[in-house]
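Chains as they are written, first to last, in the working numbering: chain A, 2 to 107; chain B, 491 to 611. Below is one structure, written out as C-alpha cells, with a few remarks after it.
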Amino acid sequence: EIVLTQSPTTMAASPGEKVTLTCRASSSVSYMHWYQQKSGASPKLWIYDTSNRASGVPNRFSGSGSGTSYSLTISSMETEDAATYYCQQWSSNPFTFGSGTKLEIK
Amino acid sequence: EVQLVESGGGLVQPGRSLKFSCAASGFTFSDYAMAWVRQAPKKGLEWVATIIYDGSSTYYRDSVKGRFTISRDNAKSTLYLQMDSLRSEDTATYYCARLMYTTDYPYFDYWGQGVMVTVSS
C-alpha cells in the first residue's frame, strides 16, 4: 500500500500570503489528486491529475509534482480557502489518501 | 446537476448488519464506476470499496473484505453498501462517490452528503 504523508499537519496563513502544501508518497505515483473539505461538509475535488483545477476552483490554486513529491499551492491566501486539504493516489491498489493538512486563516 | 444522495445509516450494535443506499441523478449512472469512502470522527478519508460500471467487478479494502458488500442497481441509479459483522472501528461517515478517469489513474469527482454509522452497544 502506498502511504501518503502530508505536511504540515496544520498551518495558518495571512490573507495574501503564498501557501504551499506538500504530499509525499512512499513509492512513485503517476498522478496526484487533491480534495478540499470544510468543517461539516463533504470533500470536494479540487485538483486532479496533479495540476488540473476542478470546475469552479479559483486560479490562485495550482498543483505540481512528480514521482514521490507533490504540492498544492495557493498564490494568495483568501479567507474562504481555510479548510482541510487531502491528497489521493491510485497508482496501485488500494486507493489511499493523505492524512490531511488543516489550513487556517491567521 | 450531478447529485448523490445517501440514505440509511444510524446506530447499530457490534456484530449486527446495516445496509444503506446512494441515489444518483444528473448523469448516466451505468456509465460510471462508483465507490464508498468513509471518514471516522475527526479523522481522515479512507477508501472502502469500488464497483465498476456494470457491477461485474468489486474491490474492497482488506479490513472490510468478507464483511461488506458493494452493489448497484443501474435501472434505479442506486448504489448500495451492505455491512455485516460490524465493529466499533467501522464507526464513520460513509460517502458515496463517483469515480472519474481522465487518465488510467482515477479520482472521485462527485461526493454525496454522507451518512453517519455508529457501531456501539
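By construction, the Cβ of each residue, glycine as well, lies at the ideal position given by its N, Cα and C atoms.
> Just reading off the beta strand (DSSP E) that K103/A is part of, what are its end residues?
Replying inline: Taking the first residue of the first sequence as position 1, residue 103/A is located at position 102. Segment 102-106, the beta strand (DSSP E) holding K103/A.
> So, A565/B versus K533/B, is the Cβ gap smaller than 9 Å?
Replying inline: In the second sequence, residue 565/B corresponds to position 75, counting from 1. In the second sequence, residue 533/B corresponds to position 43, counting from 1. No, they are not a contact pair.
>> My output table needs one value for A563/B: the three-state DSSP class, helix, strand or coil.
In response: Position 73 of the second sequence, counted from the start, is the residue given in the question as residue 563/B. Note that residue 563/B is Asp in the sequence shown, not Ala. In the structure shown, D563/B sits in a strand (DSSP, three-state: E or B).
> Considering only C-alpha positions, which residue in the set C24/A, F98/A, F96/A, E81/A is nearest to S40/A?
Replying inline: Counted from its first residue, the first sequence places residue 40/A at position 39. Per the C-alpha coordinates, the member of C24/A, F98/A, F96/A, E81/A positioned closest to S40/A is E81/A.
> Between the region 37-55 of chain A and the region 5-12 of chain A, do three or more beta carbon pairs fall short of 8 Å?
Replying inline: No contact exists between the region 37-55 of chain A and the region 5-12 of chain A.
> Any Cβ of chain B within less than 9 Å of the Cβ of Q38/A?
Replying inline: Residue numbering aside, residue 38/A sits at position 37 when the first sequence is read from its first letter. Taking 9 Å as the CB threshold, Q38/A lines the interface with chain B.
>> Between the alpha carbons of S578/B and P504/B, how many angstroms are there, rounded?
In response: If you number the second sequence from 1, residue 578/B lands on position 88. If you number the second sequence from 1, residue 504/B lands on position 14. One C-alpha to the other measures close to 6 Å.
>> According to DSSP, simplified to helix, strand and coil, what is T80/A?
In response: Along the first sequence, read from residue 1 onward, the residue named residue 80/A stands at position 79. Here T80/A sits in helix by DSSP.
> Skipping 5 residues on each side, what residues in its chain have a beta carbon closer than 6 Å to that of S63/A?
Replying inline: Residue 63/A sits at position 62 when you count from the first residue of the first sequence. Once the five neighbours on either side are set aside, the close Cβ partners of S63/A are T74.
>> Please report the distance separating the alpha-carbon of C88/A from that of F519/B.
In response: Counted from its first residue, the first sequence places residue 88/A at position 87. Counted from its first residue, the second sequence places residue 519/B at position 29. Their backbone Cα atoms lie some 26 Å apart in a straight line.
>> Cβ closer than 8 Å: which chain A residues qualify as neighbours of F519/B?
In response: On the second sequence, position 29 is the one that residue 519/B refers to. Correct list: empty, because the minimum Cβ distance to chain A is about 18 Å.
>> Rounding to the nearest angstrom, what Cα-Cα distance links A42/A and A587/B in this structure?
In response: The sequence position of residue 42/A within the first sequence is 41, counting from 1. The sequence position of residue 587/B within the second sequence is 97, counting from 1. Cα-Cα distance, rounded: 14 Å.
> Got a sec? Which residues, its chain only, sit under 7 Å from E491/B by beta carbon, not counting five neighbours each side?
Replying inline: Residue mapping note: residue 491/B aligns to position 1 of the second sequence, counting from 1. The residues are G516.
> Excluding five sequence neighbours on each side, which residues of the same chain lie with their C-beta closer than 6 Å to the C-beta of R61/A?
Replying inline: Residue mapping note: residue 61/A aligns to position 60 of the first sequence, counting from 1. Counting only residues of its own chain and dropping the five nearest sequence neighbours on each side, R61/A has a CB closer than 6 Å to the CB of I75, S76, S77.
> Buried or exposed: which applies to G68/A, given that a residue is buried once 16 or more other Cβ atoms fall within 10 Å of its Cβ?
Replying inline: On the first sequence, position 67 is the one that residue 68/A refers to. Within 10 angstroms of the beta-carbon of G68/A lie fewer than 16 other beta-carbons, which makes it exposed.
>> Can you list, in chain order, the residues of its chain with a C-beta nearer than 6 Å to that of C512/B? Leave out the 5 residues immediately preceding and following it.
In response: Looking up residue 512/B in the second sequence gives position 22. Sequence-distant partners of C512/B (beyond 5 residues in either direction) whose C-beta falls short of 6 Å from its own C-beta, in its chain, are L494, E496, L569, C586, G602.
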